[in-house]
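>
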Amino acid sequence: MAPPSQPAWWHTGVIYQIYPRSWADADGDGIGDLEGIISRLDHLSDTLGVDSLWLSPFYRSPQADFGYDVSDHCDVDPMFGTLEDFDRLVAEAHRRGLRVIVDFVPNHTSDRHPWFLESRSGRDSVRRDWYVWRDPGPDGGPPNNWVSHFGGSAWTFDEASGQYYLHLFLAEQPDLNWRNPEVERAMHDVLRFWMDRGVDGFRIDVAHAIAKDPLLRDNPPAQIPDDGYKISAEFSSQRHVHDMADPDIHPMFRKIRRVVDGHPDGADRYTVGEIHEFDWSRWASYYGEDLDELHQPYNFGLLLTGLDPAKIREAIVGIEEALPPGAWPNWVLGNHDEPRIVTRFGWEASKAAAVLLLTLRGTPTIYQGDEIGMEDLDIPPGRQQDPWGRRMPGFGRDGCRTPMQWTGAEHAGFSPPGTRSTWLPVHPDHRRRNVAVQLGDPDSHLSLYRRLLRLRRSCPVLQLGDIELVGDAPNPLVYRRTLAGAEPVWVVLNLSDGEAPVPSQVEGGVLVGTHRDREGAPSPRRLRPWEAVVVG
Ligand code: GLC
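Counted from 1, the sequence shown has number 395 at position 395 by our numbering; the numbering is strictly sequential.
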């Protein structure tokens, strides 16, 4: 587990995810925009001190899946602004020392993308093979048993041409055929377009799905029980061995990596793939044997473990063992697809979760609003927006996508005064839970995140050091971070409702704690329920 010999910004840095619809609305249409993001960049550089921002899609899109249905990869949707606004955003971010990561959506396009319109125009269209078209199965139904993540068959019949097209998500999101070299080239050009505009990295949407079984064989039935992860019974009734993650994905990632690394400006760029894979050796394969695929496959392990200390230990061990030499881990606790941290774990526990996320070995990603402990809002049926939730009650993702809570004022300071309404309702708790209030409260979530981020920045051991689990008892969860030539840093997390003893070998002063009264004092010998301390 040696630290990288020449650490890059994405090794040491912290990523902050912005969901552009919901972060800051400058023009008062109730939907966030690029101008709004520019106006709030100081929150990232000064208030928090993170290193980079990842922007979920802001490209031209009919918004069937809120931007994950792209109809022009190389333009900004007018609701978010213009390409000039984007250029300003990059310049303003760079001026503050922030790197910009953009979402790259390679698996599918919008059904209104000119490529798909052309492809759909007939069996002999020059772009027919850019998407996945097949004749009906023997019974006249879909060509195989694949199901959409959002419910129902993954195939939609096109009356005009008598064939089905594939969509692992909505029918409005037809899957591209990455086995067609023209598609691959066109998508590489998209990467080049954004690199030319100065972006520093790409978050690759459903990265593992771009390569499917070339024979499009049926998925076998699932032998494994549902592990509790938020997936429908229909989806988990199959083993997803043919509709995604075909071994041919590896050369595809190697080519993407060559395009990114080979950009003539020579900038130090980063790719991170959305890979929902919990078998750690398969997960680790996406780094590439020679570290020549993704810089990182996202590690969603903590979404499965929750705050169960025994499971977290297992995930740490499994991940560290699976990493190829020189590969750098990463950790995620939330994003625009998952219920929020406070909603999952509760208020007190969410502070310990912040300590965990920001002290494990690897690059952390913070989802907007988690730094103030935002909670999911139950959206009344008439105002639900997410297509998944509208099709499958209980699966909606609107709750974690409500507008960012900047102030206690109207619209939480997300939209300017006078705005009629916001695209999703603002959580009513914004009057007390917002950035402005928490900035003035040393015991707030925001203050804790700031202290943790400041400590991380000034502490190479936390940024780059090894991790060793301490003791065998699952709780408290204790690990030691070490780096040659530096004093070790201990992290002790009591992930329980009762008190917990601190192991005797933990020595030093509390650098940061969930409970501020501990800071500056020698490490306590017992922790209160859900208390966490960083000791050094
Ligand atoms: C990813 C995105 C999600 C989107 C889906 C389809 O999982 O994170 O928001 O709905 O891909 O593009």
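Using N, Cα and C, we set each Cβ at its ideal position, and we do this for glycine too.
Since the model is a prediction, treat every value here as computed from it, not as a measurement.
Cβ of Phe-169 within 7 Å of any heavy atom in ligand 1?
By 1-based counting over the sequence shown, the position of residue 169 is 169. Flag set: Cβ of Phe-169 near ligand 1.
> Asp-33 to Trp-23, Cα distance in whole Å?
Along the sequence shown, read from residue 1 onward, the residue named residue 33 stands at position 33. Along the sequence shown, read from residue 1 onward, the residue named residue 23 stands at position 23. Approximately 8 Å, taken between the alpha carbons.
> May I have the straight-line CA-CA distance separating Ser-473 from Arg-313, to the nearest angstrom?
As a first step, residue 473 must be located in the sequence shown, where it is residue number 473. As a first step, residue 313 must be located in the sequence shown, where it is residue number 313. Just to set this straight, residue 473 is Ala in the shown sequence, not Ser. Using only the alpha carbons, I get a separation of about 10 Å.
> Taking 7 Å as the cut-off, is the C-beta of Glu-274 nearer than that to any heavy atom in ligand 1?
Position 274 of the sequence shown, counting from 1, holds the residue named residue 274. Under cutoff, so the answer is yes.
> Return the chain-ordered ranges of every alpha helix (DSSP H) run that is complete within the segment 278–353 and spans a minimum of 4 residues.
Whole alpha helix (DSSP H) segments, 4+ residues: 280–284, 301–305, 309–322, 341–345.
> So for Leu-53, helix, strand or coil by DSSP?
If you number the sequence shown from 1, residue 53 lands on position 53. It is a strand residue.
> Which residue or residues does DSSP assign as beta-bridge partners of Phe-58?
By one-based count along the sequence shown, residue 58 stands at place 58. DSSP lists no partner for Phe-58.
> What does the Cβ neighbour count give for His-94, buried or exposed, with the cut at 16 atoms within 10 Å?
Indexing the sequence shown from 1 puts residue 94 at position 94. Burial call: exposed.
> Return the bridge partner residues of Phe-202 from the DSSP annotation.
By one-based count along the sequence shown, residue 202 stands at place 202. According to DSSP, which records beta bridges pairwise, Phe-202 is partnered with Val-102, Thr-271.
> Going by other Cβ atoms of all chains shown within 10 Å of its Cβ, with 16 needed for buried, is Ala-8 buried or exposed?
The residue labelled residue 8 in the question sits at position 8 within the sequence shown. Exposed is the call here.
> Under 8 Å, do Thr-359 and Val-534 count as touching if we go by C-beta distance?
Within the sequence shown, the letter at position 359 stands for residue 359. Within the sequence shown, the letter at position 534 stands for residue 534. Yes, Cβ-Cβ distance for Thr-359 and Val-534 is below 8 Å.
> Just reading off the beta strand (DSSP E) that Gly-513 is part of, what are its end residues?
Mapped onto the sequence shown, residue 513 falls at position 513. Residues 510–513.
> So Gln-17 is in the beta strand (DSSP E); what residue range does that whole segment cover?
Start at 1 with the first residue of the sequence shown, and residue 17 comes out as number 17. Taken as a continuous stretch (DSSP letters only), the beta strand (DSSP E) holding Gln-17 covers 15–18.
> Using the three-state DSSP reduction, which class does Glu-468 fall into: helix, strand or coil?
Here residue 468 corresponds to residue number 468 of the sequence shown, with the count starting at 1. Residue state, collapsed to three classes: strand.
> Return the residue from the list Ser-110, Asp-370, Gln-384 that minimises the CA-CA distance to Ala-64.
Position 64 of the sequence shown holds residue 64. When only C-alpha atoms are compared, the closest one is Ser-110.
> Would you tell me roughly how many angstroms separate the C-alpha atoms of Pro-138 and Pro-364, rounded to the nearest one?
Within the sequence shown, numbered from 1, the residue matching residue 138 stands at position 138. Within the sequence shown, numbered from 1, the residue matching residue 364 stands at position 364. Roughly 48 Å between the two C-alpha positions.
> So is Met-252 buried or exposed if we call it buried at 16+ other beta carbons inside 10 Å?
Here residue 252 refers to the residue found at position 252 when the sequence shown is read from its first residue. Classification of Met-252: buried, given that the 10 Å Cβ count is 16 or more.
> Should Ala-16 be listed as close to ligand 1, given that the test is whether its C-beta is under 7 Å from any heavy atom?
Position 16 of the sequence shown, counted from the first residue, corresponds to residue 16. It should be noted that the sequence gives Tyr, not Ala, for residue 16. No, ligand 1 has no heavy atom inside 7 Å of this Cβ.
> Could you check if Tyr-298 belongs to the surroundings of ligand 1, using beta carbon to heavy atom distance under 7 Å?
As a working note, residue 298 is residue 298 in the sequence shown. Checking the Cβ of Tyr-298 against ligand 1 gives no.
> Report yes if the C-beta distance between His-108 and Leu-176 is below 8 Å; otherwise report no.
What you label residue 108 is simply residue 108 of the sequence shown in a count that begins at 1. What you label residue 176 is simply residue 176 of the sequence shown in a count that begins at 1. Yes.
> Take the Cβ of Trp-283 as the centre, count every other Cβ of all protein chains shown within 10 Å, and call the residue buried at 16 or more, exposed below.
What you label residue 283 is simply residue 283 of the sequence shown in a count that begins at 1. Trp-283 is buried by the Cβ-count criterion.
> Could you check whether Ala-500 and Arg-526 sit closer than 8 Å to each other, using their CB atoms as the reference points?
Against the sequence shown, residue 526 aligns to sequence position 526. Against the sequence shown, residue 500 aligns to sequence position 500. Cβ atoms of Arg-526 and Ala-500: closer than 8 Å.
> Looking only at its own chain, which residues have a Cβ that is under 6 Å from the Cβ of Ser-496, when we skip the five neighbours before and after it?
Position 496 of the sequence shown, counted from the first residue, corresponds to residue 496. For Ser-496, where only same-chain residues beyond five positions count, the Cβ hits under 6 Å are Asn-475.
> Identify whether Ser-153 lies in helix, strand or coil by the three-state DSSP scheme.
The residue labelled residue 153 in the question sits at position 153 within the sequence shown. In this structure, Ser-153 counts as strand in the three-state DSSP scheme.
> From the DSSP output, read off the bridge partner residues of Leu-176.
Within the sequence shown, residue 176 is the residue found at index 176, counting from 1. In DSSP, Leu-176 forms a bridge with Tyr-131.
> On the three-state DSSP scale, how would you describe Thr-82?
Looking up residue 82 in the sequence shown gives position 82. Coil at Thr-82, not helix or strand.
> Give the DSSP bridge partners of Pro-364, in chain order.
Residue numbering aside, residue 364 sits at position 364 when the sequence shown is read from its first letter. DSSP, once it has assigned bridges, lists Trp-331 as partnering Pro-364.
> Looking at Asp-69 and Pro-62, is the spacing between their C-beta atoms short of 8 Å?
Taking the first residue of the sequence shown as 1, we reach residue 62 at position 62. Taking the first residue of the sequence shown as 1, we reach residue 69 at position 69. In contact: Pro-62 and Asp-69 (Cβ atoms closer than 8 Å).
> Using only CA atoms, which one of Pro-522, Gly-508, Val-502 lies nearest to Pro-529?
As a first step, residue 529 is located in the sequence shown; it is residue number 529 there, counting from the start. Considering only alpha carbons, the answer is Val-502.
> For Ser-421 and Ala-26, I'd like the C-alpha separation in whole angstroms.
Here residue 421 refers to the residue found at position 421 of the sequence shown. Here residue 26 refers to the residue found at position 26 of the sequence shown. Their backbone Cα atoms lie some 13 Å apart in a straight line.
> Roughly how many whole angstroms lie between the Cα atoms of Gly-273 and Tyr-287?
As a position in the sequence shown, residue 273 is number 273, starting the count at 1. As a position in the sequence shown, residue 287 is number 287, starting the count at 1. Rounded to the nearest angstrom, the two C-alpha atoms are 10 Å apart.
> Name the residue from Gly-198, Arg-120, Arg-123 whose alpha carbon lies nearest to the alpha carbon of Ile-101.
Taking the first residue of the sequence shown as 1, we reach residue 101 at position 101. Checked all of Gly-198, Arg-120, Arg-123; the closest Cα to Ile-101 is Gly-198.
> Quick check on the DSSP output: the alpha helix (DSSP H) that includes His-73 runs from which residue to which?
Here residue 73 is taken as the residue at index 73 of the sequence shown, counted from 1. Note, His-73: premise wrong, no alpha helix (DSSP H); beta strand (DSSP E) at 72–76.
> Taking only the alpha-carbon atoms, compute the straight-line gap between Val-132 and Pro-220 and give it to the nearest angstrom.
To locate residue 132, count along the sequence shown from 1; it is residue 132. To locate residue 220, count along the sequence shown from 1; it is residue 220. Looking at the two C-alpha atoms, the distance is approximately 21 Å.
> With hydrogens ignored, establish whether the beta-carbon of Tyr-68 is closer than 7 Å to any heavy atom of ligand 1.
Here the question's residue 68 lines up with position 68 in the sequence shown. True, at least one ligand heavy atom lies under 7 Å from that Cβ.
> Runs of 4 residues minimum, wholly inside the segment 401–444: which ones carry the alpha helix (DSSP H) assignment?
With a minimum length of 4 residues, the continuous alpha helix (DSSP H) runs that stay inside the segment 401–444 are 435–439.
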